[in-house]
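**Q** Each protein sequence line maps, in turn, to chains E and F. Under my numbering, read the first sequence as residues 42 to 417, first letter to last. Under my numbering, read the second sequence as residues 794 to 1241, first letter to last. Where is the CB? At the ideal position from N, CA and C, for every residue including glycine. Here it is, the structure, as structure tokens.
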Amino acid sequence: MSTEVQPLVNAEATPKKKSSSGSLRILQYIGFRLVLLFLTVVVGVYLTILIANMGGFVDQIMRGQIRERITLQVQMNRTYDTLTPEARSKLTSEMIAVEEDRLGLNQPFAIRSFRYLKNALTLDLGRSLNMTSDTGSKQVRLIILERLPPTLVLFGASNLLLFFSSLYIALALSRKYGSFMDKLLIGLSPLSSVPAWFYGIFLILIFAAMLRWLPFGGMVDAPPPETTIGYILSLLKHMILPVFAWMLSSIFLNIYGWRTFFLIYSSEDYVEMAKMKGVTDRELERKYILRPTLPNIITAFAFVLIGLWGGAIITETVFNWPGLGQAYYHAVGLYDTPVVVGITVIYAYLYALTFFFLDFIYALVDPRVKVGSSGN
Amino acid sequence: MKALKNAFREILRYPAAVGGLVILFLLIVAAISAMIFIPYDEAISLWRGDEAVVYTNPKAVPPAWMNFFTSEKLPVTQVINSVDSPKVERVVEPHSDGTTDITLTYTFDFEYDRFYPEMVLYFDTTFDTKQPFVAIRWVTPDGTEIRVADIGVDRSLSYRFAQDDKLTRRLGGEVAEIGLFKVPDSDPPVPQKGTYQMRLEGLTFEPDSTIEAELVMYGMVHGLAGTDHLRRDLLTPLLWGIPIALSFGLVASLGISILGMAIAAVGVWYGGWIDEVIQRITEVNLVLPFLPILIMIGTFYNRSIWLMLGVTILLSIFGGQVKQNRAIFLQIKETTYVEAAKAYGASDMRIIFLYLIPRIIPVIIPALVAGIPGFVFLEAALAVLGLGDPVLPTWGKVINDASNNGALFRGLYYWVLEPAALLALTGLAFAMLGFSLDRVFNPRLREA
């Protein structure tokens, strides 16, 4: 899931009815907020289940596949050669019935969809239909857990690097507003209209195909190096291009956004006042510019973190990176609804939880904000 | 009107905007001329790549203008058809016994530094029962005559020079494409430049029997854009990709901006449960996985580009921008002139469309323009995932074909670079224009 993270997201709290006493009001607010977010997750996940099954259409595809597979299985099996055609077709239909029963296809989809929903919401992810993990397991939980580390390594590194470097550069630029560097980096911001996978193709063309310096894709050399150090070096070598592509596609716009944001804050009267008092530059940046913008920085950071979940389908495909994004894509191709729903429901929960906690974090870092009061 | 003129003059002060506008203008001109000169049906047929349409094109070769940049000139495709080519001289000599001598002499120049990779002679003969007989002779620039083959020709025979083992043996073990063109006794073989002749000495046995033959020498470079693995000329998808990409991006961005704006305006103006419902839908929408849903619909249902466009719009109108627009509308709602409109009894619709929405347009337009590249690349991304439109020629499909056929690995860079350059150009043009518009319409950013 490549959620575009706007650096200046302003998570606004829902306007609340004015009620009297403090803690009761907060409790009420928390309860209300939780219920609302949970409902959001329920509806979102249910819609995903409906879409992932095409409203039951996938059932027909699966029924067809089962019929084809079992008919073939019976035909190919030598031991059934002695059976009469009637007995064989009876056996075939019995086997089909068993298989349909195993996959739950004999229940109407409308009923099954709610069972799927319940299982998904209780994070009982169940077993996949077609996909297996590299260790041979069909448990969705294990498939996800196996694909999670590659995604976390790649996009964790990319996003953290991106986040902190753009913050740092933006702060420096906002202090040197109008300088050559400032104008240059702002002028480059349209480059961010090009997505990471696209830069990826160019980088592969230059550094893998023409120069042969770096690998075309994948996560480690094949066969994987024996030693841990060798493994890490190989991993790093494979990470250079995707990380670079990811950075290129976002960094200029991120710098632009943060710089404009910091500029607005550095023209506040209290900053001018502090400058006149002779506060040092570092102090000014830390206490007078970064401190009041902390809520926005935290929000953006939170979205960066949940954006890690699911990786990025196309970037992972272009670089052949064995992460969650690719798993998601393969799951769709194999009609593997449990895997699709499993990845989605975890994302939905992460999203909802982030939204929920942001309110409290705001109240913690910004004394002007009170939990449950209107955000703006 | 005057304000619009001023805004336009203001925009021209930004070099980025002028650059973007120039690129866009060129793209639109190219798009229109593509649609005029290669009509839709023809484009589709060229892109489907039926054997009859593409058989004279070489397989996966770079564009012909590559020769300008290399000292070594690569051979360009030559197609010489005895039916209409002036390079063929025809001598017909009927005999009294009903047989006819038909001699076709093909004369052509060869001025390249490499050999042709593939040569085929496509015969097209007519006869009732007894097939004509043809002797193929080859004359090199230094006057040497080589016996190529003596064959009876069926109605539509394709004579592939390289597959004639007897000829290969006669040429001293060298495959015909090299053996026929090399300087005698050169090792490694060097192409001999000059004027070549191929003579077909045909003998027909029936009065109405005819012999026609098309000599196709497949080049190592081809046309303005090169060809792909199915011998299709890449010019078609590159040119037709422009109107498709532009219209997809424009329609998606326009639809999402306008609908998103209307939804936010309605929500803010009516407030209450309508606003509440809109906000809840927005939140549900944020939880839904956008790209996977598009992939699922493409996999399960239909990969038509128009369906994708519809789903994209549907999934985006309740996106993050509704929240942004809502915040702005909430401020506008409190202004005095809206108060005044209420006081004189303006209808709800009148207030929404004539008082609220016009105020937000300066914010919407730059976002709309800057949002277009995202959708252009989305369309390409779907194609790269193998979910491109099954019928239409698009840039993304070219990239997808290229990567499926290992273009980068095999060094066929043009195959990826041409569609990629067009994509990047389109994206940058809209982005540069959008960013400049943002500064023109929102002066606060300029000061900051």
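Taking the Cβ atom as the reference point for each residue, do ILE1098(F) and LEU1185(F) lie within a distance shorter than 8 Å?
**A** On the second sequence, position 305 is the one that residue 1098(F) refers to. On the second sequence, position 392 is the one that residue 1185(F) refers to. In this structure, LEU1185(F) lies closer than 8 Å to ILE1098(F) by Cβ.
**Q** Note down the Cα distance separating HIS888(F) from VAL946(F), rounded to an integer number of angstroms.
**A** As a position in the second sequence, residue 888(F) is number 95, starting the count at 1. As a position in the second sequence, residue 946(F) is number 153, starting the count at 1. Rounded to the nearest angstrom, the two C-alpha atoms are 20 Å apart.
**Q** Tell me which residue opens and which closes the alpha helix (DSSP H) that ILE384(E) is part of.
**A** To locate residue 384(E), count along the first sequence from 1; it is residue 343. Segment 378-406, the alpha helix (DSSP H) holding ILE384(E).
**Q** Report back the beta-carbon spacing between PRO1212(F) and LEU1017(F) to the nearest angstrom; my notes put them in contact at under 8 Å.
**A** Here residue 1212(F) refers to the residue found at position 419 when the second sequence is read from its first residue. Here residue 1017(F) refers to the residue found at position 224 when the second sequence is read from its first residue. That pair is no contact at about 14 Å.
**Q** Pick helix, strand or coil for ASP122(E), following the three-state DSSP scheme.
**A** Working through the first sequence from its first residue, we reach residue 122(E) at position 81. If DSSP states are grouped into helix, strand and coil, ASP122(E) belongs with coil.
**Q** Give the residues of chain F in contact with ALA250(E), contact being defined as C-beta atoms less than 8 Å apart.
**A** The count along the first sequence starts at 1 and reaches residue 250(E) at position 209. Chain F residues near ALA250(E): LEU1201, PHE1202, GLY1204, TYR1206.
**Q** Quick check on ALA389(E) - is its C-beta less than 8 Å from some C-beta in chain F?
**A** To locate residue 389(E), count along the first sequence from 1; it is residue 348. Closer than 8 Å: yes.
**Q** Would you please state the rounded distance, in angstroms, between the beta carbons of ALA1224(F) and VAL1209(F)? I believe it to be under 8 Å.
**A** Translated into the one-based positions of the second sequence, residue 1224(F) becomes position 431. Translated into the one-based positions of the second sequence, residue 1209(F) becomes position 416. No, ALA1224(F) and VAL1209(F) are not in contact; Cβ-Cβ is about 21 Å, not under 8 Å.
**Q** Is the region 807-820 of chain F touching the region 1215-1233 of chain F in the sense that three or more CB pairs, one from each, lie closer than 8 Å?
**A** At 8 Å Cβ cutoff, the stretches touch.
**Q** Output, in chain order, the set of chain F residues within a Cβ distance shorter than 8 Å of LEU88(E).
**A** The residue given as residue 88(E) occupies position 47 in the first sequence. What LEU88(E) touches in chain F: VAL1077, LEU1081.
**Q** Does the region 869-886 of chain F come into contact with the region 922-942 of chain F, if we say contact requires no fewer than three beta-carbon pairs (one atom in each stretch) closer than 8 Å?
**A** As far as the Cβ criterion goes, the region 869-886 of chain F does not touch the region 922-942 of chain F, which means the pair count is below three.
**Q** Name the residue from PHE916(F), GLU882(F), ILE895(F) whose alpha carbon lies nearest to the alpha carbon of ALA901(F).
**A** For the purposes of this step, residue 901(F) is taken as residue 108 along the second sequence, with counting starting at 1. The identity of residue 901(F) in the sequence shown is Phe, whereas the question assumes Ala. Of the listed residues, the one whose Cα sits closest to PHE901(F) is GLU882(F).
**Q** With 8 Å set as the bound, which would you pick, yes or no: does the beta-carbon of ALA93(E) sit closer than that to a beta-carbon of chain F?
**A** Walking along the first sequence from the start, residue 93(E) turns up at place 52. For ALA93(E), the answer is yes, since a Cβ of chain F falls inside 8 Å of its Cβ.
**Q** Using DSSP bridges, identify the partner residues of ASN874(F).
**A** Here residue 874(F) corresponds to residue number 81 of the second sequence, with the count starting at 1. The partner list for ASN874(F) (beta bridge, DSSP) reads GLU1007(F).
**Q** Measure from the C-beta of PRO408(E) to each C-beta in chain F and report whether the shortest distance is under 8 Å.
**A** Taking the first residue of the first sequence as position 1, residue 408(E) is located at position 367. False, the Cβ-Cβ gap to chain F never drops below 8 Å.
**Q** Apart from the five residues just before and just after PRO265(E), which ones in its own chain have a Cβ nearer than 8 Å to its Cβ?
**A** The residue labelled residue 265(E) in the question sits at position 224 within the first sequence. Within the same chain, PRO265(E) has close Cβ partners TYR272, SER275.
**Q** What would DSSP say about ILE929(F), mapped onto helix, strand or coil?
**A** The sequence position of residue 929(F) within the second sequence is 136, counting from 1. Three-state result, ILE929(F): strand.
**Q** Got a sec? Which residues, its chain only, sit under 7 Å from TYR899(F) by beta carbon, not counting five neighbours each side?
**A** Sequence index remark: in the second sequence, residue 899(F) carries index 106 (1-based). Counting only Cβ-Cβ distances below 7 Å, and skipping sequence neighbours, we find ILE873, LYS880, VAL881, GLN990, MET991, LEU1008.
**Q** Answer with yes or no whether the minimum CB distance from LEU365(E) to chain F is below 8 Å.
**A** For this step, residue 365(E) is matched to residue 324 along the first sequence. Output row for LEU365(E): interface = no.
**Q** Rounded to whole angstroms, what is the Cα-Cα separation between ASP223(E) and LYS217(E)?
**A** The sequence position of residue 223(E) within the first sequence is 182, counting from 1. The sequence position of residue 217(E) within the first sequence is 176, counting from 1. In a straight line, the C-alpha of ASP223(E) is about 7 Å away from that of LYS217(E).
**Q** On the criterion of 16 or more Cβ atoms from any shown chain inside 10 Å, does TYR1246(F) qualify as buried, or is it exposed?
**A** Nothing about residue 1246(F) can be read from this structure; chain F reaches only from 794 to 1241.
**Q** If we require 4 or more residues per run, which alpha helix (DSSP H) segments fall completely within the region 813-889 of chain F?
**A** Runs found: 833-841, 844-847.
**Q** Do we get a CB-CB distance below 8 Å when we pair ALA1224(F) with the residues of chain E?
**A** In the second sequence, counting from the first residue as 1, residue 1224(F) sits at position 431. It does: the Cβ of ALA1224(F) has a partner Cβ on chain E nearer than 8 Å.
**Q** Per DSSP, which one or two residues make a beta bridge with GLU994(F)?
**A** If you number the second sequence from 1, residue 994(F) lands on position 201. DSSP lists THR896(F), ALA928(F) as partners of GLU994(F).
**Q** Return the first residue and the last residue of the alpha helix (DSSP H) that PHE1234(F) is part of.
**A** As a position in the second sequence, residue 1234(F) is number 441, starting the count at 1. Taken as a continuous stretch (DSSP letters only), the alpha helix (DSSP H) holding PHE1234(F) covers 1206-1234.
**Q** Return helix, strand or coil for VAL50(E), following the three-state DSSP convention.
**A** Within the first sequence, the letter at position 9 stands for residue 50(E). Interpretation of VAL50(E) is limited by its pLDDT of 37, a score under 50 that renders its predicted location unreliable; the figure taken from the coordinates is listed afterwards. Looking at VAL50(E) - three-state DSSP - the assignment turns out to be coil, as it is neither helix nor strand.
**Q** Select from the region 1084-1100 of chain F all residues with a C-beta closer than 7 Å to any C-beta belonging to chain E, and list them in chain order.
**A** The region 1084-1100 of chain F vs chain E, Cβ under 7 Å: LEU1084, PRO1085, ILE1086, ILE1088, MET1089, THR1092, PHE1093, TYR1094.
**Q** Under a three-way DSSP split, which group does ALA796(F) fall into?
**A** Within the second sequence, residue 796(F) is the residue found at index 3, counting from 1. Here ALA796(F) sits in helix by DSSP.
**Q** Near TYR952(F), which residues of its chain fall below 6 Å by C-beta distance, leaving aside the five closest residues on each side in sequence?
**A** Residue numbering aside, residue 952(F) sits at position 159 when the second sequence is read from its first letter. Counting only Cβ-Cβ distances below 6 Å, and skipping sequence neighbours, we find LEU914.
**Q** Along the region 63-88 of chain E, where does the CB come closer than 7 Å to a CB of chain F? Name the residues.
**A** Correct list: THR81, VAL82, VAL84, GLY85, LEU88.
**Q** Which whole-angstrom value is the C-beta distance of ALA286(E) and THR356(E), which I expect to be below 8 Å?
**A** Your numbering for residue 286(E) matches position 245 in the first sequence. Your numbering for residue 356(E) matches position 315 in the first sequence. That belief holds up - the Cβ atoms of ALA286(E) and THR356(E) are roughly 7 Å apart, short of 8 Å.
**Q** Using a C-beta to C-beta distance shorter than 9 Å, which residues of chain F count as neighbours of TYR209(E)?
**A** Residue numbering aside, residue 209(E) sits at position 168 when the first sequence is read from its first letter. Those within 9 Å of TYR209(E) in chain F number zero; the least Cβ separation is about 19 Å.
**Q** Put GLN148(E) into one of helix, strand or coil per three-state DSSP.
**A** The residue you call residue 148(E) lines up with position 107 of the first sequence. DSSP places GLN148(E) in coil when its eight states are reduced to three.
**Q** Helix, strand or coil: how does DSSP classify LYS328(E) here?
**A** Along the first sequence, one-based indexing puts residue 328(E) at 287. LYS328(E) falls in the helix class under three-state DSSP.
**Q** The region 1164-1180 of chain F: which residues have C-beta closer than 8 Å to a C-beta of chain E, in chain order?
**A** Of all residues in the region 1164-1180 of chain F, PRO1166, GLY1167, PHE1170, ALA1173, ALA1174, VAL1177, LEU1178 have a Cβ within less than 8 Å of some Cβ in chain E.
**Q** Looking at the unbroken beta strand (DSSP E) that takes in SER1040(F), where does it start and where does it end?
**A** Position 247 of the second sequence, counted from the start, is the residue given in the question as residue 1040(F). No beta strand (DSSP E) contains SER1040(F), which is instead part of the alpha helix (DSSP H) from 1028-1063.
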